[in-house]
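Beneath this line is the structure, given in structure tokens, with notes to follow.
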Amino acid sequence: MTDFAKFHGLGNDFIVVEQSVEAWTPQRVQAICDRHLGVGADGVLVLERRGEDRLRMVVFNQDGSRPQMCGNGVRCAAAYAQSRWKMGDRLTVESDAGPRPCEITPGEQPGSWQVNVAMGPATIGERDTLHVEDHAFTYTPVDMGNPHAVIFAFPGDRVVDLAGEAANAGHPDFDQGVNLEFVEARGDEWRTSVYERGVGRTRACGTGACAVAAAIWHRGLAPAESPVVVALPGGRLTIETRQGQIWMQGPAEHVFTGMYRNIRSNEDA
């Protein structure tokens, strides 16, 4: 049996466990993330306490793959650490992409938190073009510890899915796959639709919101010193810069806790 907690950041939901990383095979991740036959989630966060104010986070996508970083996952991991291990309002989440310092404040509702995360600098590449059927999308490559392609266009869900599938099916420009962000200006906000590698369309993506802000600043669409509000299907994230680092602010919420057994394979998960 596996003890777990369910958390989400703007609807991007995770199963949080305290186990060895080696216990989580792709098949086990897929089983517990199955929304019909398992608990259901976009991914699994495997956490390990490393001290009074540090923890280690390993992320697995719904398909069992292991991304280097997940912004919504970091916020959920920080919230879990404060609620479960009674860590303070400043802590560091270690990840495959490096350490991510966090600032945490209680949310308005019980079991909710606002988390501000130092996501590191963005690395921006040269613009290129992604061809999907009769569409040609100009994209800006952005590395936030994981790969993103930011596209300033807002097609329908079908085209987003086609573009995401094409970019993550051995595309020569994205040998490790890529997260796609489709963006349009809406007043003072930037409406964004996300296709995550290893998951598909999601309600929110923290590193994606950071990549969008970095591309906006890089293209001169907003002053570099001004915060950018990224409006995702699940809600809003505020992105700003401090001393060369990109900071992401948004919520994390505890949904429930439970125990899971992989009934399909008749073995404890």
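The sequence shown: position 127 = 124 (the numbering used here), numbered continuously.
C-beta atoms are modelled at their ideal positions from N, C-alpha and C, and glycine is treated no differently.
Being a predicted model, the structure only gives us computed values, none of them experimental.
Per DSSP, cross-strand counterpart(s) of residue i
{"i": "histidine 215", "result": "According to DSSP, which records beta bridges pairwise, histidine 215 is partnered with nothing at all."}
{"i": "valine 226", "result": "Glu186 and Thr235"}
{"i": "threonine 120", "result": "Asp140"}
{"i": "threonine 199", "result": "Val191"}
{"i": "threonine 102", "result": "Gln111"}
{"i": "aspartate 159", "result": "The displayed chain sequence assigns leucine, not aspartate, to residue 159. Beta-bridge pairing links leucine 159 to no other residue."}
{"i": "glutamine 246", "result": "Asn113 and Thr235"}
Residue closest to residue i, alpha-carbon to alpha-carbon, out of the options
{"i": "tyrosine 77", "options": "Leu44, Ala38, Ser62 and Gln59", "result": "Leu44"}
{"i": "threonine -1", "options": "Phe179, Gln24, Ile29 and Val114", "result": "Ile29"}
{"i": "alanine 210", "options": "Cys99, Arg188, Glu19 and Thr89", "result": "Arg188"}
{"i": "glutamate 100", "options": "Glu123, Pro107 and Met84", "result": "Met84"}
{"i": "asparagine 176", "options": "Tyr192, Gly184 and Tyr136", "result": "Tyr192"}
{"i": "arginine 81", "options": "Thr199, Asp50 and His33", "result": "Asp50"}
{"i": "alanine 119", "options": "Arg25, Thr22 and Ala208", "result": "Ala208"}
{"i": "valine 196", "options": "Val13, Asp172, Arg63 and Gln79", "result": "Arg63"}
{"i": "alanine 221", "options": "Gly231, Ala201, Thr199 and Trp244", "result": "Trp244"}
{"i": "glycine 255", "options": "Pro152, Thr102, Val36 and Val26", "result": "Val36"}
{"i": "serine 17", "options": "Thr102, Pro138 and Phe57", "result": "Phe57"}
{"i": "arginine 233", "options": "Arg258, Ser190 and Gly241", "result": "Ser190"}
{"i": "alanine 133", "options": "Asn113, Val157, Gly122 and Asn143", "result": "Val157"}
{"i": "alanine 249", "options": "Ala150, Gly104, Asn143 and Gly205", "result": "Gly104"}
{"i": "alanine 163", "options": "Glu178, Ile121, Val129 and Ala182", "result": "Val129"}
Residue-chain proximity (residue i, chain C), Cβ-Cβ < 8 Å
{"i": "aspartate 39", "result": "The structure shown has no chain C; it contains just one protein chain."}
With 16 other Cβ atoms within 10 Å as the buried cut-off, status of residue i
{"i": "aspartate 140", "result": "buried"}
{"i": "alanine 266", "result": "Per-residue confidence for alanine 266 stands at a pLDDT of 44, beneath the threshold of 50, marking its modelled position as unreliable; the derived number appears in the next sentence. Alanine 266 comes out buried."}
{"i": "valine 55", "result": "buried"}
{"i": "aspartate 10", "result": "buried"}
{"i": "glutamine 106", "result": "exposed"}
{"i": "valine 13", "result": "buried"}
{"i": "phenylalanine 253", "result": "exposed"}
{"i": "threonine 135", "result": "exposed"}
{"i": "histidine 317", "result": "Because residue 317 is not part of the residues shown, which for the chain are -2 to 266, the question remains open."}
{"i": "glycine 161", "result": "buried"}
{"i": "threonine 199", "result": "buried"}
{"i": "proline 96", "result": "exposed"}
Three-state secondary structure assigned by DSSP to residue i
{"i": "tryptophan 82", "result": "helix"}
{"i": "proline 23", "result": "helix"}
{"i": "leucine 7", "result": "coil"}
{"i": "valine 175", "result": "coil"}
{"i": "proline 74", "result": "Sequence inspection shows alanine at residue 74; the proline mentioned does not correspond to that position. Note: alanine 74 maps to helix in three-state DSSP."}
{"i": "aspartate 60", "result": "coil"}
{"i": "alanine 94", "result": "coil"}
{"i": "alanine 208", "result": "helix"}
{"i": "alanine 221", "result": "coil"}
{"i": "aspartate 154", "result": "helix"}
{"i": "alanine 164", "result": "helix"}
{"i": "glycine 68", "result": "helix"}
Distance cut-off 7 Å: residue i Cβ against heavy atoms of the ligand GDP
{"i": "arginine 188", "result": "Looking for the ligand GDP in the displayed structure turns up nothing, as the structure carries no ligands at all."}
Enumerated in chain order, which unbroken segments of the beta strand (DSSP E) with a length of 3 residues or greater are wholly contained in the segment 30 to 56?
40 to 46
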